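A short write-up of the structure that comes next.
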Amino acid sequence: MHPKHLSINDFIYHLPAEKIALRPHEERDRSKLLIFKQEEIKEDIYKNIADHLPKNSLLIFNNTKVIPARILFRKETGGTIEIFCLEPFVQKDSFGEEEYTKAMSKNCSAEWKCMIGGAGRWKAGTLIKKIKIKEDEIIVTARIKQKLPDAYVTEFSWQPSSYPFSEIIEQAGEIPLPPYIKREVEEDDKERYQTIYAENKGSVAAPTAGLHFTSDIFTSFEKKNIKTDFVTLHVGAGTFKPVKSEIMQEHDMHSEWIVISVSTIENILNNLAENIIAVGTTSLRTIESLYWMGVKSYLNNNLNLDELEIKQWEVYEEPLSKNKIDEKVALTSLLAWMKKNEPQKLLIKTQILIAPGYSFKIANALITNFHQPNSTLLLLVAAITKNWKKLYEYALENDFRFLSYGDGCLIYV
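For the sequence shown, this note's numbering assigns the number 7 to the initial residue and increments by one for each residue that follows.
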């Protein structure tokens, strides 16, 4: 069956509110770990995860960093307007020439695609917020420049203008906890809603599978010759978007930015004979998208960057669905395309929707948290194992904590 025809009603389970973790475990690596391999379920904690991974495995992590994307402005009349920054707004044909990180380095002003809470109360004009950086008082203003189908283009400007936007949002914004964590943001969230290896600013949600990892775990990997590498996928608010249409064909999958270097693609290529394990659904979507980009470049090495993008359904349809291209050939072709076009890293969007019916090309296993019912993340888990209900029922019955701050699992393809 084409995943377009899947009914979301087949991917619903009852998640009691008390099973949703409102706060992380006191120690990251003490979170519970469910291991699901060859239909057998085991329990452990993350501290011992290396014991459940084959030697010489390659783990792929997402090193994106969550930005304080939620900015509250107060109107002169006293009302509050919440601006939720999603991603930099740039013209489609120019984004490929500009690193995502450069958008965070802009001085004076920056345009962002935003969701706005209370937009109906913000009829016109600018909003003003005062913040302090070092000894300087900064006046930050916001105004709507354009209405998009699903968001607003918002222009932020500030004086003094010498500070980059990354510092402005760091002081003006709050960590955007997921909507199902129904409490106010606390000081600890600044650290705990961030992986210890977070590096590239741009996400508005954490790659939560990585929240459990500590320096001790990375040391245990070295002892077992388990290798690690990093990609960047900037997680958008769309990750929390429930599937509201009954049939998947009517659901518009969110797209997200990938940043991946030549050296990481080479590392994956050189380890295809070993177990490649994605840490998080974002890492999984990234490395699987790489394969399909490789197929595209193999079929037509004269593609431009935009044509390499992976759309929602195209991996299930011709010409891609008919290909029998080996993973090694696909990645080698992608590297040849990069050499020809001279980027040292790919900065590109993927909209891939991984659901039952998908055939995994790169990943042999996934480390992930427990996800919401009727979500595309649960569809991804169901693509790995048709027995996802068995796995989730076990977790519910054995005191596993769910969602972003909850426990997790290791599932083998």
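C-beta atoms are modelled at their ideal positions from N, C-alpha and C, and glycine is treated no differently. The structure displayed is predicted, hence computed values, not measured ones.
Where the alpha helix (DSSP H) containing residue i begins and where it ends
| i | result |
| --- | --- |
| Asn276 | 268–276 |
| Trp128 | Run containing Trp128: none; DSSP gives neither H nor E here. |
| Arg198 | 195–198 |
| Ile293 | 287–305 |
| Tyr400 | 394–403 |
| Val335 | 333–347 |
| Glu313 | 311–314 |
| Ile174 | 171–178 |
Rounded C-alpha distance that separates residue i from residue j
| i | j | result |
| --- | --- | --- |
| Val387 | Gln357 | 17 Å |
| Asn68 | Gln350 | 18 Å |
| Phe79 | Ile73 | 17 Å |
| Lys330 | Glu256 | 29 Å |
| Ala469 | Leu40 | Past the boundaries of the shown model lies residue 469; the chain is included only from 7 to 419, so the question cannot be answered. |
| Ile354 | Thr270 | 15 Å |
| Gly23 | Glu197 | Per the sequence shown, residue 23 should be read as Ala rather than Gly. Distance between the alpha carbons of Ala23 and Glu197 is about 25 Å. |
| Glu103 | Ile253 | With a pLDDT of 41 at Glu103, under the threshold of 50, the modelled position of that residue is not reliable, and the figure given next carries that caveat. In a straight line, the C-alpha of Glu103 is about 37 Å away from that of Ile253. |
| Leu154 | Phe95 | 11 Å |
| Asp222 | Val419 | 27 Å |
| Ser100 | Leu314 | Only weak support exists for where Ser100 lies, its pLDDT of 48 falling under 50; the value from the coordinates is given anyway. So the two alpha carbons sit approximately 15 Å from each other. |
| Phe406 | Lys25 | 7 Å |
| Tyr19 | Tyr52 | 25 Å |
| Phe236 | Glu333 | 19 Å |
| Lys48 | Leu290 | 22 Å |
| Asn231 | Asn277 | 13 Å |
| Ile264 | Tyr158 | 23 Å |
| Ala215 | Glu190 | 22 Å |
| Ser295 | Lys140 | 42 Å |
| Trp343 | Gly286 | 27 Å |
| Asn115 | Pro325 | Note on residue identity: the sequence assigns Ser, not Asn, to residue 115. The straight-line gap from Cα to Cα measures roughly 43 Å. |
| Lys345 | Ile266 | 14 Å |
| Glu143 | Glu176 | 14 Å |
| Leu384 | Ile145 | 43 Å |
| Thr107 | Asp16 | 40 Å |
| Glu262 | Ser327 | 22 Å |
Option nearest residue i by Cα separation, candidates the options
| i | options | result |
| --- | --- | --- |
| Pro60 | Ser209, Ala125, Lys229 | Lys229 |
| Glu88 | Ile282, Pro182, Ser365 | Pro182 |
| Leu28 | Lys136, Ala125, Asp194, Ser327 | Asp194 |
| Asn307 | Thr288, Leu341, Lys355 | Leu341 |
| Gly123 | Lys81, Phe95, Ser115, Ala109 | Lys81 |
| His8 | Ala361, Ser381, Ser410 | Ala361 |
| Glu93 | Phe162, Thr338, Lys196, Ile223 | Phe162 |
| Asn54 | Glu46, Ile174, Tyr186, Arg34 | Arg34 |
| Leu408 | Lys38, Leu12, Ser13 | Strictly speaking, residue 408 in this sequence is Phe, with Leu absent from that position. Nearest option by C-alpha distance: Lys38. |
| Phe219 | Thr201, Trp343, Ser172 | Thr201 |
| Pro379 | Phe246, Ala130, Ala211 | Phe246 |
| Leu352 | Ile139, Thr292, Lys317, Gln165 | Thr292 |
| Asp57 | Thr225, Glu272, Ser381, Thr287 | Thr225 |
| Gly414 | Leu21, Trp319, Phe42, Ala157 | Phe42 |
| Ala75 | Ile266, Ala211, Thr288, Glu399 | Ala211 |
| Pro185 | Ser267, Phe90, Met259, Ala116 | Phe90 |
| Asn404 | Val321, Ser339, Asp50, Ser13 | Asp50 |
| Tyr304 | Thr338, Tyr364, Trp164, Lys328 | Thr338 |
Proximity of residue i and residue j at Cβ, strictly below 9 Å
| i | j | result |
| --- | --- | --- |
| Ala148 | Thr160 | yes |
| Pro170 | Lys112 | yes |
| Ala336 | Ala284 | no |
| Leu397 | Ile373 | no |
| Leu311 | Lys302 | no |
| Gly412 | Phe376 | yes |
| Met121 | Ala243 | yes |
| Ile77 | Lys135 | yes |
| Lys395 | Asn206 | no |
| Ile174 | Ile137 | yes |
| Met299 | Gly208 | no |
| Ser2 | Val249 | Not covered by the structure: residue 2. The range shown for the chain is 7 to 419. |
| Pro30 | Leu217 | yes |
| Asn273 | Glu45 | no |
Residue i - containing beta strand (DSSP E), residue span
| i | result |
| --- | --- |
| Asp142 | 142–153 |
| Asn370 | Counting along the chain, Asn370 falls outside any beta strand (DSSP E), and DSSP gives it neither H nor E. |
| Thr382 | Element bounds for Thr382: not the beta strand (DSSP E) but the alpha helix (DSSP H), 382–390. |
| Phe87 | Sequence check: residue 87 is Ile here, not Phe. That run of the beta strand (DSSP E) goes 86–94. |
| Trp164 | 158–165 |
| Arg80 | 76–80 |
| Cys428 | The requested residue 428 does not occur in the structure, where the chain is confined to residues 7 to 419. |
| Gly208 | 206–209 |
| Ile26 | Careful: Ile26 lies outside any beta strand (DSSP E) and carries neither H nor E. |
| Leu352 | 351–356 |
Test: residue i CB closer than 9 Å to a CB of chain C
| i | result |
| --- | --- |
| Phe79 | This model lacks chain C altogether, as it is built from one protein chain only. |
Residue ranges of each alpha helix (DSSP H) run of no fewer than 4 residues wholly in the stretch 28–74, ordered along the chain? none
Could you tell me which whole alpha helix (DSSP H) segments of length 4 or greater appear in the stretch 220–274? 221–229
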